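Data first, discussion second: the structure below is written as C-alpha cells.
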Amino acid sequence: MDTISYDNCTICPRRCGADRTKTPGFCGATDRIKVARAALHMWEEPCLSGERGAGTVFFSGCQLGCVYCQNRAISHGEAGAEITRERLVEIFFELAEKGAHNIDLVTPDCYIPDVARAIREAKDNGLALPLVCNCSGYETVEAIKTLGGLIDVWMPDLKYLDEDIAQKYSAAPDYPEVAKAAVDAMVVLRPECVFDEDGMMIKGVLVRHLLLPGCLEDSRNALKYLYSRYGNGIWYSIMSQYTPPDGMERPLDRRVTSREYDALIDFACGLGIENAFIQEGGAAEESFIPQFDCEGVIPRHTDG
Ligand code: SF4
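Counting from 82, one number per residue, gives the positions in the sequence shown under my numbering.
The following block contains the structure:
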C-alpha cells in the first residue's frame, strides 16, 4: 500500500504527478482528507439504503472532469472540511451508532492510502458493518488492490464505452479501458453477490450506469459489454436520474425522456439481465443531490 503516496501522486489513472503535500492535484485534493458530508442516505439502491439508510461519507475531489457532474459542489475539492484519519475512523463509528446499514464511501479515490488505513483501524476496533466503495470506475487496478479485501461491496460506474464521448464529457478518453479493467479487478475481489436475510447486499459488485441524453446507443453497448462478460453474476443499476446543471449545452441540457429510458430497459431485459435496479418516473429530482454542508463531518463536541 505504501507504494501509493501523495507526493508525485499517481493514485488515479490521471497520473498527474502533483505533489499534494504542496498543491492540489487535478482532482482538487491535497494530502489532507476532505469530507463534505457524513450522514444516513436513503437514495442509494434499496439493497444499500434499506430502511435506515446507507452510512454515506462524501469525499471532496474527483479525478474525472465530467461537464455534467451531479455533485459539482464537491467534485473539485471546493466544499468540505479537512479532517484527520482518526476523525474519519470516528465518523465510521458515529454512522454505525446512527443505525447505518453499511459504511458507504462515496468517491474516496483521491485518498485511498488514508482510507485503507482508516478502514483497517476501524475494523481492528470492532467496526462490523459492510464497507461499500461507491466510485466512478476511473480507478487503477493498483488502487483497487490497495483497498482489496477491505471493501465488501464495490459499486463502480461504467459511464461510457465510447472514447470520444469519454473525452468530450469527462476529459478522459481512456475511461472505457480503465473502467473495464477496474470492474474486472473488483469482480476478482468479490466474485459472488451475497445478500443478508433482509435483502441487504453485504458482498459483491453492483455496477451503475447513468443514461445521458443522446447517449442511448453507448448505454446499450455498455450494458451489452457487462452482460457478455459477467452475465447475472453482478448486479446492475440502470439510472435515469440525470439532472442538467445550469448552463449545459445540447444535448445535455435536458433530462432523459421516458421513451429513451424505457428503450434501454427493454434492451437490458432482452439481453437477459435479471439482477437490476431500475428507477421509476420522477427520479431526476433535486432530492438525489445532497446538501454538502459538512453534516456529520465536524466532531460532535465542537458542533455549533
Ligand atoms: S488522485 Fe488527484 S493528484 Fe493523484 S493522480 Fe489523480 S488527479 Fe492527480
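Ideal Cβ placement from N, Cα and C applies to all residues, glycine included.
Remember, it's a predicted structure, so these values are computed and weren't measured experimentally.
Nearest-angstrom Cβ-Cβ length linking residue i and residue j, presumed shorter than 8 angstroms
i, j, result
"Phe-174", "Ala-203", "7 angstroms"
"Phe-373", "Gly-161", "7 angstroms"
"Ile-315", "Cys-350", "With 8 angstroms as the limit, Ile-315 and Cys-350 do not qualify as a contact, their Cβ atoms being about 16 angstroms apart."
"Gly-136", "Asn-183", "6 angstroms"
"Tyr-250", "Cys-97", "Not quite, the Cβ-Cβ distance comes to about 19 angstroms (not below 8 angstroms), so this is no contact."
"Lys-226", "Ala-263", "Incorrect: roughly 11 angstroms between the Cβ atoms, too far for contact."
"Tyr-342", "Ser-321", "4 angstroms"
CB of residue i within 8 angstroms of CB of residue j, strictly
i, j, result
"Ile-164", "Ile-114", "yes"
"Cys-128", "Cys-191", "no"
"Val-138", "Ala-110", "no"
"Ala-335", "Pro-325", "For the record, residue 335 in the displayed sequence is Arg; it is not Ala. Cβ atoms of Arg-335 and Pro-325: closer than 8 angstroms."
"Leu-293", "Tyr-317", "no"
"Leu-210", "Ala-181", "yes"
"Ile-346", "Ala-224", "no"
"Val-234", "Leu-287", "yes"
"Ser-141", "Ala-117", "yes"
Backbone CA spacing between residue i and residue j [nearest angstrom]
i, j, result
"Leu-212", "Leu-239", "20 angstroms"
"Met-281", "Asp-185", "13 angstroms"
"His-122", "Asn-152", "15 angstroms"
"Pro-271", "Gly-353", "Correcting the residue identity first, residue 271 is Arg in this sequence and not Pro. Going by the C-alpha atoms only, they are around 22 angstroms apart."
"Gly-218", "Glu-330", "25 angstroms"
"Lys-261", "Ile-92", "17 angstroms"
"Ile-379", "Val-196", "17 angstroms"
"Pro-254", "Ile-246", "8 angstroms"
"Gly-230", "Lys-284", "11 angstroms"
"Leu-291", "Asp-112", "31 angstroms"
"Gly-312", "Arg-95", "30 angstroms"
"Gln-360", "Pro-332", "21 angstroms"
"Glu-220", "Phe-358", "23 angstroms"
Residue environment, residue i, which counts as buried when at least 16 other CB atoms sit within 10 Å
i, result
"Gly-328", "exposed"
"Gly-207", "exposed"
"Glu-278", "exposed"
"Arg-289", "buried"
"Gly-131", "buried"
"Asp-88", "exposed"
"Arg-133", "exposed"
"Asp-205", "exposed"
"Cys-299", "Before going further, note that residue 299 is Asp rather than Cys in the sequence given. Buried is the call here."
Cutoff 8 angstroms: residue i Cβ touching any chain B Cβ
i, result
"Ala-203", "No chain B is part of this structure, which consists of one protein chain only."
heavy atom of the ligand NAD below 7 angstroms from residue i C-beta
i, result
"Gly-106", "Questions concerning the ligand NAD fall outside what the structure shown contains, since the ligands it does hold are the ligand SF4."
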